[in-house]
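Chains as they are written, first to last, in this note's numbering: chain A, 1126 to 1567; chain B, 1126 to 1567; chain C, 1126 to 1567; chain D, 1126 to 1567.
The beta-carbon is built from N, C-alpha and C at its ideal position, and this holds for glycine as well.
Read through the structure below, which is laid out as C-alpha cells, and then see the notes.
Number of protein chains: 4
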Amino acid sequence: MPDERELFQQIGQAAARMKPDLITLRRLLHQHPELGWLEFQTAAHVCATLEDLGYQVRTGQEAISGEDRFGVPSREVLEAAWERARSAGAPLRWLETMRGGYTGVVADLDTGKPGMLVAFRFDLDALPVHEAVDAGHLPASQGWLSRIPGAMHACGHDGHLSIGLALARLAVELAPSLAGRIRLIFQPAEEGVRGALAMTRACAGVDRLVCIHIGLGVPSGQVIGGAVGFLATREYRASFKGQAAHAGLEPEVGRSALLAAAQAALALHTLAQYAGHEVRVNVGILRGGVATSIVPPEAELLYRIRADDNSVIEALDQRAHAAVLGAAATYGCHVELEIIGRAGSEDSHPELAALAADLAQSVPGVKSTSHHHPFGASEDATHLMQQVHRQGGQATYIMLGADLAAGHHNERFDFDENSLAIGLELLGKLLVRLLLDSQFKR
Amino acid sequence: MPDERELFQQIGQAAARMKPDLITLRRLLHQHPELGWLEFQTAAHVCATLEDLGYQVRTGQEAISGEDRFGVPSREVLEAAWERARSAGAPLRWLETMRGGYTGVVADLDTGKPGMLVAFRFDLDALPVHEAVDAGHLPASQGWLSRIPGAMHACGHDGHLSIGLALARLAVELAPSLAGRIRLIFQPAEEGVRGALAMTRACAGVDRLVCIHIGLGVPSGQVIGGAVGFLATREYRASFKGQAAHAGLEPEVGRSALLAAAQAALALHTLAQYAGHEVRVNVGILRGGVATSIVPPEAELLYRIRADDNSVIEALDQRAHAAVLGAAATYGCHVELEIIGRAGSEDSHPELAALAADLAQSVPGVKSTSHHHPFGASEDATHLMQQVHRQGGQATYIMLGADLAAGHHNERFDFDENSLAIGLELLGKLLVRLLLDSQFKR
Amino acid sequence: MPDERELFQQIGQAAARMKPDLITLRRLLHQHPELGWLEFQTAAHVCATLEDLGYQVRTGQEAISGEDRFGVPSREVLEAAWERARSAGAPLRWLETMRGGYTGVVADLDTGKPGMLVAFRFDLDALPVHEAVDAGHLPASQGWLSRIPGAMHACGHDGHLSIGLALARLAVELAPSLAGRIRLIFQPAEEGVRGALAMTRACAGVDRLVCIHIGLGVPSGQVIGGAVGFLATREYRASFKGQAAHAGLEPEVGRSALLAAAQAALALHTLAQYAGHEVRVNVGILRGGVATSIVPPEAELLYRIRADDNSVIEALDQRAHAAVLGAAATYGCHVELEIIGRAGSEDSHPELAALAADLAQSVPGVKSTSHHHPFGASEDATHLMQQVHRQGGQATYIMLGADLAAGHHNERFDFDENSLAIGLELLGKLLVRLLLDSQFKR
Amino acid sequence: MPDERELFQQIGQAAARMKPDLITLRRLLHQHPELGWLEFQTAAHVCATLEDLGYQVRTGQEAISGEDRFGVPSREVLEAAWERARSAGAPLRWLETMRGGYTGVVADLDTGKPGMLVAFRFDLDALPVHEAVDAGHLPASQGWLSRIPGAMHACGHDGHLSIGLALARLAVELAPSLAGRIRLIFQPAEEGVRGALAMTRACAGVDRLVCIHIGLGVPSGQVIGGAVGFLATREYRASFKGQAAHAGLEPEVGRSALLAAAQAALALHTLAQYAGHEVRVNVGILRGGVATSIVPPEAELLYRIRADDNSVIEALDQRAHAAVLGAAATYGCHVELEIIGRAGSEDSHPELAALAADLAQSVPGVKSTSHHHPFGASEDATHLMQQVHRQGGQATYIMLGADLAAGHHNERFDFDENSLAIGLELLGKLLVRLLLDSQFKR
C-alpha cells in the first residue's frame, strides 16, 4: 500500500487529470443557479451522484432541521421551484424528499476502519442577480450564462460544488488507504446566512471540519489556511403597516408605510461607525406600495447588520431596532421585526489552519500561503465550526485564492478557474493527512 | 309614437325592473377584477354583449392608439393576463384583437335618422388591492369577493360597467324614438390616468359626452350634474441605477440605488404646499434591491403629482424632477424619469351639467342635486372632455351619490347599490332629452 | 358743530396734509426695528407721544399679562435690548415699566360723553431679517435702511405704527364731535403670533375693534373691509438631547441630536396635504451641535404649522408631535416640545367689514373695495377679535392694498407709501361713523 | 559635570518636587479656557513666562503663517476675545502682536554648543463645551470650574500646557549639560485641526520633534512611545442658499436651505462604511433659518470626515461633496463648500518612539510601556511630524496614560493628574538623552 508521499503524488495526478472536468462541471452548474432553499435540481443531482459513488446519502428532513431554517420562501415560491426542477427532469425520488425546501445533503463514506470523522462543507445556492450579458463577461462570450432569469452563481458556489463532487470521487479512490469516515455536507441557503444552523446536526461527532471558499479578494496562487475575523451578522425583515387612502381625495387619511420604510433605510445607514471595529449596515431590499393613487399601506424592508465582534453586533442590533421603530412612529405607522438570518463570529482552529496552509505549499500553482487572514464578511459556516469546536474538534475555513473579473455578488462576477484543481488537490491531501491509515505511515 | 314624458315613464319602469340585474351583474364583475390594460375578460364580455344587442363594435387597435398608452405592463404580464382570460373562456375572437393590451371598446348604435352623436364613457379596470376578507366586508359575508388575488374593484368601476351594459340594452329599446347616433366608450386603465389619451379618437365628432362616477364623497340620494376642479396629474417612474457590491466585503464600492430612492421619496413629499391651491404628491410604489448581502444596484420609484391648476402642476413637476435628480446625485447614482400617466384639468360644460342635474330631480331616490361640485382628484376623462369641447361640443362628468363602506381604493370599499338604478335612469333620460326625434317633440 | 359730511371733509384734508409726515415717520421707524418683546425704544416712543397728546397710557404689566406671553427671549437678550434702548435715549420712565419684555401699550381717549368703546390695534415688532443693501432696494438707495444688523421691518409694521400715531393725533382733533371712548392698542410680538394673547385684557369692554395690515398681496388702490380665512397656527420649539462623544475616538458612544432634528425637519414637511384645506408646515429654525469633532449632544428645531380650520390644525398638530417624537427615538435621543406661539381662525364681522369697505370707497386713491377676502396666513389679532365677538361686539381686520417691492418677510420688502394716507383717512372716517355724537347726526 | 545617570536622577527629583505646581497650574489654566485662534490670554502668559526664563520668544505673524490658518473666527469674535484678554490684564506687549488671531508661540533656548535642534509641541486651545457643574464632577466640587461660559478644557490641553511650562523651567536647569538647541512650540487651534499647518515653519531645521497627549484611552501608568494610525481628516463648512418667503402666504416661492442641509446631514452619515478601514463622518454643527414664519433662506452645516488612509479619505471626500451638492439640488438650493480644517496620517518614527517607550520604563508610576499604539482619531500634529520626517528628522507622538472621568470632549472630562509629573519626567529624560553634551557621555 502506498504511503503519504505516494498518495500525494496520486492526488496531484488526479487533480491535473480532472481539471477540465472541474471546469466543465462548474460551467454546467453556472447555467442552473438556484436560490436558497430552492436548490432542488442541484441537490438532487448531488444526491444521485454521491449515491452512485457509494456514499450513504441523507437529504430532506433527515438532513435539515425545519425549525432552524431562516428566510424560507413562501409556499408558492417553493412549489414553483420544485415544479421547475421536476420539469427539468431532476430525479423524483430525491425531489420528493426535499419538497418544501429541505435541500441539504449529508453523504458519508466509511472506510470500515476506526478513525476520525472528517467532514467537508460546500454550499449549494446562487444569488438573485441578473447576470451581465455583454461580450466582456466570459460566460456570455463563451455561452455558459445562467439560464434562469434573475438568478446567478455570483459568489463561486458553482466552483465549490464542482470541487466537492470531484473530491467525492477522489475520496472513493483514496478510501482503501484511509481509516475513519469521510462526510460531505452540501448546505443550502448560505447567502443570507440562512441555512447552516439547520444543518448543525450534521456536525455531531465530527472531528475535523474543512470549509472552503474561492476568491474573497485573495489572488490566484495564494491560499489562506484558515479565515478568522468573520463578521457576526443578523438579518431582519421589517414589515411596516400604515393606512391606505386615495392619494387625491383624502391624502390626510393615509399613513404612508413607504415613507416610514424610506426613513428607516436612511437612519439605519447612519449607524455604521464603531471605533476599532468593522461594522456593516445594508438595507438590501425595500418594497412598498400598490399604486400611485394610493397612499402606501404597507412596506417591507430587509436589512442586514454585521460586526467583527459579538458584543458590537448586539449593541448595533439594539440601535437598529430603535431606528426602525422610531421611523414607523414618525409616520404614524406600525412595524414588526422578524429575524431571518443570523451567524456569529468563529475563528478557524489555528492547528488545522496551519496544516491546510502547509499542505497548500506543495500544490502546483500555489505561490504563497498564510495561516490566517481576516475574512471581513459573514458566513454561516461559523455555526458548523462552532459546533465542531464545542465538541473538542477542529474546524477551518480555507480561502482559496482566485483572481476575479468583478467583486462577489456583482453581475460580472467570475473567477480564475485554475483555482478549482488547486482546491481539489489541497482537500485531497488534507483528507489523506488526517485519515491516513496508521499502518501506512512511516 | 311616444313623447318625452311617456319615454321618461318607460325609462323609469325599465330602471326599476332592471335594478336586481344591475346588482347581480355588478357583483359578478366584482368577482373578476382586471388591472389596467389587462381587462381582456371584461372587455371581451362587453364586446360580445354589445354585438349581440346590435351595436357596431370596435376594439383592439381600432379602438386604442398604441403610442398614446401610458404605463402598459411588461410583455410577460400582458401575456399571462391574456392567457388567464383565454383559460377562463373569454371569446377568442375578441381576445385575439386585444392581445398586447388593446382592451378598449367603442360601440355605436345608429338610429338611421340624422342627429347628434351622443357618447357615454365607462371605465373597465380594477386596482391592485387585496380585498378585505372579514365578515364586516359585505362582499365577504355575502360571497362575492374578488377571485383574483391582489386585484379588486375598489373604485366602483364594476358599478359603472353594470350601468353601461344596462344602458346599452335600454338604448336599443329607445332607439326607434330617437334621431342621431349613440356611442358607448369602454375605457381601459383609468387608474393611473393611463388609458383615456389612447381613446381620444373615439370622441372625434362627438357632440355630447357624458361620463359618470359613483361615490366620490357624494352621499346616496345626491347627484352632481357636472364635476369641476379636476386635479391635473402627472405620474412618473423613476429608475435609479447605482452600483452593486458585496455589502460585507466591499461596501465602499457600492452605490445604493435604494437609499437614493428613499431620499427622493422623502424629498418629493415635502413639495405639497401651494397657497390657494390643492396640490398632491404621492410616492405610491418603491421597489429596490435584490438581497441583504448586496448593495442595491437598482430601485424603482413611482410617484404621482396633482394640482388644481395647469400652471401649478407645471411648477410642481419641475421641482419634483429636481428632487429626484438631486437625490440620485446625492448617493452617486443615476436616474431616469419616464412619464407613465397624465391628465389635465377640464371642467364640465355648464349647460350639459345643468341639464343632467335638472333631469336627476325627476329620478326616484334622488333627494338633492347640484349643477357643480369640485372633484378634488384626477381623472383622465378630462382628455376626452377636452377633445369634445375643442370640437364645440359639450361634455359633463356626473357624480352619482352613493354612501360608501370605506374610502375609494381602500380594501373595504363598497358602495350603496341603490345608486345603480338611479344612474341608469338618469343616463336614459339624458339620452332621450338629447336625441329625441323632433317629430315626437311637442 | 360739524356733521359727518363736514367731518369727513376735515379728515380728508388732514390725511392729505399729514401724508409727508406719515412717510417720514414710517422711514424713521424703519431705521429702528426691534424684534418681538424687545420693542423698548419703539414702545417708549409711543407712550411718550400719546401721553403728550392727552391719552391715558398704560404699559408694562398693566398692559401685558406675563403668563400669556409666548416665545419670550432669554433674560440676557431682554436685558441687552433694554440697555440698547436706554443708551439710545428712550425715556427711562417708560422703559423701567417695560423691563423684562412688557412692551405693549394701551392708550385711552375719553370724549367725556357716553358711547361705545372703539379700539384700533397696531403691531410694534420687526423681523430677524438682514435687510438688502444694494441700490435696487429703495431704503438703501435713499438712505433709510435698518440700523440694527439682523433686524428689519419686513412686514410693514413700521407703516402701521406711522398710521397709528397719526390717527392718535387726528382723534384728538375729532374728539369734540364724538361720543364714547377711543382706545389705541399697540401690540408687541405679532411675528410668531406670540403677543396678542397677552393683551386680550385690553379688549375687555370693547364694542368695535379695527385692525389693519398693509400689503398682503392686495394691490395699491384696493381695500378689503374684513379679512376672513385666517390660518390657525401653532408654533413649537423642539429641544433634542442626544449624547456627546468624540467623533473620532468613540463615535459609537454618541447619539446625534442633530441627526434626529434633521430627520424631524424632513418628516414634518411631509405632513402638509389635506384635501380641501390650506395647510402649512415650516421648520423655520434648526440649530444643533458644538464642534465638528463632537457628536452633537443637543439640537433645537422651531416649527410652525397652520391650517384654515381649527379641527384640521388639531389633527395636524398631533401628527407633527408624533413625527418629532419618532425622529428622536430613531436616533436614541430625547426631545421636549414647548409651544411658543398660537392663534386661531376668526373671521372679520361681516357688518363691520362691510362698513369699512363702504367707507373706503370715498377715500381718494381707492379704486376698488371688497367686503371680504381670504387672508391665507396667520395673525394673532384673531385672539383679540375673538374676545370682542364673545362680548357681542364686532371686530374687523382691514387689508390695506399696497404694491410691494418683494414679498412679506423678504429682505427686499417695501411697500407703496401712498397707502399710508389712505389708511389714515379710512380709520378716521370709521372712527367718526362709529362714534359721531348723535346730536350732530342728521 | 553630571553624566546621564545623574541627570536622570536630578530630573526625577525635580518632577517629584514640581508635582503640586503642575497640578495647581493645570487647574488655573482649566479655569481660563480659550477657543482656537482666541488663546490670547493663554498665549500671552506663555510668552511672558518663557521670556522671563530666558527663551527667545516669537509670536504673532512671526510664529503663524496667516494664509495657512483654517477656520479662523470672524473679526467680531476675534476682537471680542482680544478685548476680554486685555480686560483680564494679559500683557499688552504680547497681545498687540497676536491681534487678529496669531496666537502661536515659538520659544528657543540655545545651549551655545553645537548639536541637534530638539522641539516639543504643546496645544493651547479649549473646546466649545458647557462644563458640567454638579458635585460629581471634580472641578465643580473642588471649585476650579471653567469661568468662561461655553468653553472648557475638555481634552486635556490644560495638562499639556502645565507640562510644557514646567519643561521650559527644567530645560533651563539642564541646559549647561546639553549641546544643541531646545524649541518649545505652543500651537493654537488644534481642535478642528486648524492650527498646525500655520506653524509648519517652526519645524524648519528641527531634528527631533516630540508631541505628547494625555489620556486617549490609555490608562494611568501606561505610556505609548509613539502613536500610529492617525486618522487623516478634512473639515468643511457647507453654506446653503435657498429662497426666503412668507411660509404662510406663499410657501411655494420659498426654497428651504434648512431642508437641504438636513438631508445633507443624513446622507453624509451614510458614507462611513469601508472594509478594512477606520472611517468617520460627523456633521458637527447645523444652523439654519431665521424665524418660523419664513422659509429658511440660509443654512450652514459643518462636517468632518476622517479615515486611516490618505486614499480612503480622498475617496470619501469626493462622495461627501457629491452628497452635499446633491442635497442642495434636491431642494432647489445652492451650496458652497469651504475647507476649514485638514490633517493627514503620519506615523511616529519607530526609532524615536522606541526611545520614548524605553525611557518611560524608568519613570516612577509607569507600569507598562509600548512602542506603538493606534491613535484612532485625528491630530494636526501630523503636519509638523511630516515636515520633520521630510527633512530626515524623527518625530514621535507620545500617548501619556491617564484614567479619565469621562471621554474626551465630554462635559465631564477630567484626567488623573498623576500623569502630569510622569509626563514631565519623561520629556526631561528624552531631552537629556537627545542632547547630552558628548563630553559627559560615558
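| Query | Result |
| --- | --- |
| Which residues in chain D have a C-beta closer than 9 Å to the C-beta of C/GLY1342? List them in chain order. | LEU1374 and GLU1375 |
| Leaving out five residues on either side along the sequence, give the residues of the same chain with a beta carbon under 6 Å from the beta carbon of A/SER1487. | none |
| Examine the Cβ distances between the segment 1216-1225 of chain C and the segment 1169-1184 of chain C and report whether three or more of them are shorter than 8 Å. | yes |
| Using CA atoms only, rank isn't needed, just tell me which of B/LEU1374, B/LEU1441 and B/LEU1384 is closest to B/ALA1400. | B/LEU1441 |
| In chain order, what residues of the same chain lie with their CB nearer than 7 Å to the CB of B/ARG1326, ignoring the 5 residues before and after it? | SER1190 |
| Could you tell me which chain B residues have their CB closer than 8 Å to the CB of D/ARG1444, listed as they occur along the chain? | GLY1457 |
| Taking C-alpha atoms, which residue in A/SER1563, A/ASP1259 and A/HIS1533 lies nearest to A/LEU1252? | A/HIS1533 |
| With 8 Å set as the bound, which would you pick, yes or no: does the beta-carbon of A/TYR1522 sit closer than that to a beta-carbon of chain B? | no |
| With distances taken from CA atoms, which of A/HIS1508, A/LYS1554, A/LEU1552 and A/ALA1260 is nearest A/ASP1193? | A/HIS1508 |
| Using three-state DSSP, classify B/GLN1181 as helix, strand or coil. | strand |
| Please check if any C-beta of chain C sits within less than 8 Å of the C-beta of A/TYR1428. | no |
| Can you name the start and end residues of the beta strand (DSSP E) that B/ILE1430 belongs to? | 1423-1432 |
| Opposite D/SER1473 in the DSSP bridges: which residues? | D/SER1473 pairs with nothing; no bridge assigned. |
| Let's test the definition: count the other Cβ atoms within 10 Å of the Cβ of D/GLY1518 and tell me whether it reaches 16, buried, or not, exposed. | buried |
| Kindly give me the distance between the Cβ atoms of C/ALA1296 and C/LEU1556, rounded to whole angstroms, as I take these residues to be in contact under 8 Å. | 6 Å |
| Taking contact to mean 3 or more Cβ pairs, one atom from each stretch, closer than 8 Å, check whether the segment 1528-1547 of chain D and the segment 1255-1274 of chain D are in contact. | yes |
| Using the Cα positions of A/ALA1205 and A/SER1199, report the straight-line distance between them to the nearest angstrom. | 10 Å |
| So which of A/GLN1138, A/ARG1333, A/ALA1452 and A/GLY1137 has the shortest CA-CA distance to A/VAL1513? | A/ARG1333 |
| Could you give the DSSP three-state label for A/LEU1252: helix, strand or coil? | strand |
| Is the segment 1425-1439 of chain C close to the segment 1422-1430 of chain B, with three or more CB pairs under 8 Å? | no |
| Closest to B/GLY1275 by CA distance: which of B/HIS1157, B/SER1302 and B/VAL1331 is it? | B/HIS1157 |
| Residues bridged to D/TYR1361 by DSSP? | D/TYR1428 and D/ILE1464 |
| Under 8 Å Cβ to Cβ from C/GLN1398, same chain only, skipping five residues before and after it: list those, please. | VAL1404 |
| DSSP state of C/SER1199, grouped into three classes? | coil |
| How long is the line joining the alpha carbons of D/LEU1393 and B/GLN1388, rounded to whole angstroms? | 12 Å |
| Can you give me, in chain order, the residues of the segment 1484-1513 of chain D that have a beta carbon less than 9 Å from any beta carbon in chain B? | none |
| Between which residues of its own chain and C/LEU1559 is the CB-CB distance below 7 Å, once the five residues before and five after are set aside? | MET1241, VAL1243 and ARG1333 |
| Does any CB atom of chain B fall closer than 8 Å to the CB of C/ALA1400? | yes |
| Can you pull the chain D neighbours of A/GLU1129, defined as C-beta to C-beta under 8 Å? | Within 8 Å Cβ-Cβ: nothing; A/GLU1129 doesn't reach chain D, min ~38 Å. |
| If you reduce the DSSP assignment to three classes, tell me which class B/THR1417 lands in. | coil |
| Does DSSP classify B/LEU1270 as helix, strand or coil? | coil |
| Go through its chain and collect everything with a Cβ distance to A/GLN1347's Cβ below 8 Å, but skip five positions before and after it. | VAL1491, LYS1492, SER1493, THR1494, SER1495 and GLY1526 |
| DSSP has C/CYS1336 in a bridge; who is on the other side? | C/ARG1246 and C/TYR1522 |
| Within the same chain, show all residues whose beta-carbon is closer than 6 Å to that of A/MET1324, passing over the 5 residues directly before and after it, in chain order. | GLY1229 and GLN1312 |
| Along the chain, where does the alpha helix (DSSP H) that runs through D/ILE1547 open and close? | 1543-1560 |
| Report the residue from A/ALA1520, A/GLY1185 and A/GLY1553 whose alpha carbon sits nearest the alpha carbon of A/LEU1095. | Here chain A has residues from 1126 to 1567 only, and residue 1095 of chain A is not among them. |
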